[in-house]
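A short write-up of the structure that comes next.
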Amino acid sequence: MHLLIPHAGALDDAARHAFSGLALPNLAAQLARLSPAETWGGDEYSPQPPHHVALAALRGQAAPSAAAWAVDADASLTWALMTPVHLSVGTDGVDVLPPDALALSESDAARFVAVLKELWPEAEGWQWRLLSPTRWAIGHAHALDGLQAASIERAAGRPIEPWLPDSRVLRRWQNEAQMLLHGHALNLEREARGAHAVNSVWIGDIGRAGPAALDVTVDDRLTAPLLAGDLAAWAEAWQRLDAGPLAQPLESLTLCGERHARRFTQQPLSFFDKLKRRWQAPDLAAVMESL
């Protein structure tokens, strides 16, 4: 099995400290047995997270298209992930709250989608998919072609300014969604019960489906707690990973952070390397810092 783990590491000092306190014997055993192979990614400012870049490479695609992967679509449409968000205005600027902070139910999501279909109507060729309450997809034969935007996984929990798209079309759509949602009855209802308003949407992860994926298992249980800044939940998810998938025989393991995705695979070892690995435990902290 090839296991790929997004958000395994973070640049935040608090996350590194939380990871350093974990006992992860099965992760250590896997890294002691497997050898470093490919590395993908760039830096923490690139619009796509490293696990998307790694999956694109494994699929034989030049660029990620996470929306098309999510809907398991053919190449007849270009797809984008649309994420309902709350933009929080503070003295230092505007922050994108993590999607889970909205606590949307399936019925909430369906009602908001019904409102937003006014801007992306099915009568004009738009297709909609509700993948989860906070993860929607829109597809079109040509309207999304050539558009690029940062993944919501880059913007969530952070100031919005560095991640805003250059595309005038995407900015116009976002502005139109904000105007449509401002003061809407659904949001007044949410605010009355103390919930965050859905005052905007994030459109990103745009692309068409490419070649079929390799046999890769993506375990994304670390994503939501890290984006939410809940390091206790992130650490707990790491321990569940170690006790579950990482305890299984793996042919390949890809660990992804904010800058890089690193793949570790089974490779022939020299007698000296075998001895070295037998007596020298892997430095898990160093591996995570390299991500």
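For what it's worth, my numbering labels the leading residue of the sequence shown as 12, then goes sequentially.
Just so you know, even glycine gets a beta-carbon here, dropped at the ideal spot from N, CA and C.
Below 8 Å between beta carbons: does that hold for residue i and residue j?
i    : j    : result
V212 : T89  : no
P17  : T234 : yes
L158 : S178 : yes
L192 : R182 : no
E49  : E269 : no
P293 : L42  : yes
A248 : G215 : no
N37  : A244 : no
L7   : A125 : There is no way to answer for residue 7, as the model of the chain reaches only from 12 to 302.
R219 : A40  : no
A246 : A29  : yes
For the alpha helix (DSSP H) containing residue i, name the first residue and the last one.
i    : result
L191 : R179 to L192
H62  : P61 to R70
W249 : L242 to A254
P236 : T234 to L238
How would you write the range of the beta strand (DSSP E) that residue i sits in, first residue to last?
i   : result
T89 : T89 to V96
Return helix, strand or coil for residue i, following the three-state DSSP convention.
i    : result
I171 : coil
D119 : helix
R27  : helix
R270 : coil
Q41  : helix
A148 : strand
W137 : coil
P293 : coil
V126 : helix
L113 : helix
G101 : strand
S301 : coil
W131 : coil
L199 : helix
With DSSP as the reference, identify every bridge partner of residue i, one or two as the case may be.
i    : result
P47  : F275
Q259 : None; Q259 has no bridge partner.
H13  : V227 and S263
W213 : T94
Would you mind giving the Cβ-Cβ distance between residue i and residue j, rounded to the nearest angstrom? I have them listed as a contact below 8 Å.
i    : j    : result
P61  : G52  : 4 Å
E164 : L113 : Contact doesn't hold; Cβ gap of about 16 Å is too wide.
L92  : R169 : With 8 Å as the limit, L92 and R169 do not qualify as a contact, their Cβ atoms being about 17 Å apart.
T265 : A254 : Actually they do not touch by this definition, with Cβ atoms about 20 Å apart.
L252 : D230 : 6 Å
A25  : L302 : That belief does not hold up - the Cβ atoms of A25 and L302 are roughly 16 Å apart, past 8 Å.
V96  : V105 : Not a contact, Cβ separation roughly 11 Å.
A148 : V82  : 5 Å
Give a yes or no on whether the minimum CB-CB distance between residue i and chain B is below 8 Å.
i    : result
R140 : Going by chain labels, chain B is absent from the structure shown, which holds only one protein chain.
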